[in-house]
Structures are given as structure tokens and as C-alpha cells.
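Structure record follows, encoded as C-alpha cells.
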Amino acid sequence: MPLASAEHLHIVFLQGDVLEIPKFNLPKPFTYSQTVYGWTTAAQVPERIHDASIIALSAARIDAHALSPEVSPHLKLIVMIATGYDCVDLEACRKRGIMVCNCPGSNIEAVSEHAIGLYFTARRKLLDMHMATRAGKWKEKGILMLDYVDKDGTPPLTCQEEVAGIIGNGGVGKRIAMLANSLGMKVIVSDRKSPTTADPSRVPFATVIKQSTVLFVAVPLLDSTRNFISTPEFDSMSPHAVLVNVSRGGTVDEEALVKALRERRISGAATDVFKEEPAGPENSPLVAEDAKDLNIIATPHLAWLSQKTAINYATKLKSAVEGWSKGQAVNVVS
-9 MPLASAEHLH
1 IVFLQGDVLE
11 IPKFNLPKPF
21 TYSQTVYGWT
31 TAAQVPERIH
41 DASIIALSAA
51 RIDAHALSPE
61 VSPHLKLIVM
71 IATGYDCVDL
81 EACRKRGIMV
91 CNCPGSNIEA
101 VSEHAIGLYF
111 TARRKLLDMH
121 MATRAGKWKE
131 KGILMLDYVD
141 KDGTPPLTCQ
151 EEVAGIIGNG
161 GVGKRIAMLA
171 NSLGMKVIVS
181 DRKSPTTADP
191 SRVPFATVIK
201 QSTVLFVAVP
211 LLDSTRNFIS
221 TPEFDSMSPH
231 AVLVNVSRGG
241 TVDEEALVKA
251 LRERRISGAA
261 TDVFKEEPAG
271 PENSPLVAED
281 AKDLNIIATP
291 HLAWLSQKTA
301 INYATKLKSA
311 VEGWSKGQAV
321 NVVS
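Here you go:
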């Protein structure tokens, strides 16, 4: 492998298993080589990026240490194979002049459809029904209806009875709203929790929290959205409410969510994202042993997974790398 230089770029893929890696057409005098790792943990990052001019990743913390000249002396460009980029220390990148790009809009269809699937699974307790049927409980008891009514004894709501609150009005939020509306739900789109200006097209955050029977969360992880749904919000929700989170782990207070479900303040929850990932019983209260009897549906941050997403990721990765080599900014976040 030739050493990285001003003209020779070495591209390192830290999570190569998540995408089809394109061929790059770089202008002269650039040449390139590449190293592909199927998956990379945070602990493996420093060693693997030492010779990189460009790194491409979907996950793994790229912190100030990894971005120091001693650890990554040749690094010029980071491409996030994702919409979110909160795992990269942007300030450290700015100090060194390292460009950071992402792949916005690549997974809108997959994530929004996954969100609707999570809603149905939690609202109608489909996984519990499946497991009970496979375990022979229907045959044993004759009828299982009473096992799947709400806490007040009423059957689950239909879509025509749902009020779908959308928190986050980006591409995913907009498409969830469209799908929810087409299913017959009343859709209300939340304003920011602390709005700076009034937006007549939005509903106040507190009102959405109070009125929604299904709440879809699709926001980036920022200082303003970290744990922004917590005990006060759960206390004001409808007892029939189902929370669906397809945004970023850390936006919803996991301990407060478990407490709200355990105290039967809301009906259910479904999430594709966790504060700590990969998540397991040891590091997330949502999948801990003492939460297994709660109506929580958990998927392993794979809402994005689809053929279309993979094509979009490869296309936007190619555009970002080739654009940078030509002095063009493509989907730059820092």
C-alpha cells in the first residue's frame, strides 16, 4: 500500500459491511488505495485511521484524541455513511481543517416505514401475540383477547382514532406524517420545545405531548434535544400513548420511559435507537431483564436497512469523495 501523501489518498472504511463500496474517479494528479474493515469498535479506531487520508463510517466515536495529528496525521476528509454525525467531534475537525460530510436523505423511506411498523407492533402487541400463539397459549386458554386490551380494559385504538404527533419535521418526519395521514390518523406537527419564533404551521410542543396517542420522534441529537422527552413529558401524555423513536439514542430519557411504562402512565414504546450502542441488558434499561414484561419493542438501529438506502449511501459517498478532490463541497456539515 503506497503511503498517503498530497497526491495519493488512502481511504479507510471503518464499517465496510454496511454498504457497497463504489469506485472513485479522482482527477489528476490524485491516486488512491483503500482498506476495508467490516466493522470497527471505538477502541480500534485510532490504530485503523493512522494512515488514512479519508475515512468513511456509519458508527464509532471519532473523538478529539482520534483527530489529533499524532493519531491521524494524514486525515483530510470524514464521510458519515448516515444522516447523523453526532459521533464526530466537529470542533476538533474545524481546528485541523478536516472536512466532514454526511449522506442526508438516504434512508427516508426505510426509516419512516420502519417507524410505522414499530407503531403497529407496539399498539397491537403483535410480538407478544406471536410468542403466545407459538407457545400454545391460545390452545390452552381458548381465547387471549383479555391479555391484549389496554390497562383500562379497552381494546387498542385503530388508526382512525389515533392522533399522531410528529416531533421533527425533516425528511423522515415529513414522510411519517404522510404515511400516518394516509392511514387515517390525525397528524399534528410539533414546534420546537423552546421555539425562538412562532410558526403558525406547527403545534406547541407541550400540546403535541398532551394530545398525541402516538408520538413519533425523528430529531437529531443536539444539546437541545438530549433527554428532551423525560418525566414531565410522560406525566402529561395520554394513558393510551405509544412512543416511537427512530431518531437518535439520548433524545428520550430511557430510565424515565421505563418508569412511565412500569407505572402504566403510557401504553407502550418502540425504539430503534439507544443511548449506548450496541445496546444490551447490561447497558440499557429498555432491554434489561426487569423490563421484559413491559410493552417495549426494540430493534437494533437498523431502521435504515433497505436496498434503496444502500444505493443512496454509495452514491452520496462517491459524490462526497470526488467532490472534495475537485475542491467542491458536497453535503458538508463541518
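Residue numbers for the sequence shown follow our numbering, beginning at -9 and rising by one. Glycine included, C-beta positions come from ideal geometry on N, C-alpha and C.
Of the residues the options, the one placed nearest residue i, counting alpha carbons only
i	options	result
residue 317	4, 10, 17	17
residue 224	214, 196, 238, 240	196
residue 150	141, 169, 162	169
residue 29	50, 133, 128, 324	50
residue 174	154, 135, 95, 187	154
residue 33	4, 22, 19	4
Length of the line joining the Cα atoms of residue i and residue j
i	j	result
residue 159	residue -6	41 angstroms
residue 291	residue 262	5 angstroms
residue 394	residue 281	Here the chain covers residues -9 to 324 and nothing more, so residue 394 does not appear.
residue 320	residue 313	6 angstroms
residue 315	residue 83	18 angstroms
residue 148	residue 308	44 angstroms
residue 103	residue 144	27 angstroms
residue 2	residue 215	31 angstroms
residue 96	residue 121	34 angstroms
Backbone secondary structure at residue i - three-state DSSP
i	result
residue 100	helix
residue 89	strand
residue 116	helix
residue 111	helix
residue 256	coil
residue 46	strand
residue 171	helix
residue 309	helix
residue 195	helix
residue 251	helix
residue 299	helix
Nearest-angstrom Cβ-Cβ length linking residue i and residue j, presumed shorter than 8 angstroms
i	j	result
residue 71	residue 43	Not a contact, Cβ separation roughly 17 angstroms.
residue 180	residue 193	6 angstroms
residue 206	residue 156	5 angstroms
residue 162	residue 101	5 angstroms
residue 231	residue 202	6 angstroms
residue 69	residue 91	5 angstroms
residue 76	residue 210	7 angstroms
Residue i - partner residues in DSSP beta bridges
i	result
residue 288	261
residue 176	153
residue 242	219
9 angstroms Cβ cutoff, residue i in contact with chain D
i	result
residue 66	Given the protein chain composition of this structure (a single chain), no chain D is represented.
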